[in-house]
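Asks:
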Amino acid sequence: MKILVIDKTAVLNSSHERYERIASHPEVELCVFSPTSWHEHMRQVRAERTHHPAYRIELGRT
86 MKILVIDKTA VLNSSHERYE RIASHPEVEL CVFSPTSWHE HMRQVRAERT HHPAYRIELG
146 RT
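Everything in the sequence shown is counted per my numbering, starting at 86 for the first residue and increasing by one.
1) Going along the chain, which unbroken runs of the alpha helix (DSSP H) with 4 or more residues stay wholly within the region 95 to 124?
2) Return the bridge partner residues of E143 from the DSSP annotation.
3) Can you give me the C-alpha to C-alpha distance between S109 and G145, rounded to a whole angstrom?
4) Rounding to the nearest angstrom, what Cα-Cα distance links P138 and L89 in this structure?
5) Is it the case that the Cβ atoms of L97 and E133 are separated by a distance below 8 Å?
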């Protein structure tokens with residue numbers, strides 16, 4: 086099963102455990118799409134991770 090997740094916080098280190106669990110299922114092919122950076126609470130947040138061995142990360146512009 087192919088799963089595409091669109092989540093701006095997916096590239097933060099605190100979010101990876103959730104996606105690792107999903108990708109750990111052998112029948113799942115996971116791709117996470119997230120912006121390279123975004124504004125939140127009056128500051129710019131940047132992607133902390135750009136790749137992961139268990140699933141694919143695609144970064145885009147906002």
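Glycine included, every Cβ here is placed at the ideal spot set by N, Cα and C. What you are looking at is a predicted structure, and each value in this text was computed from that prediction instead of being measured.
Replies: If we stick to the structure as given:
1) 101 to 108
2) F118
3) 25 Å
4) 16 Å
5) yes
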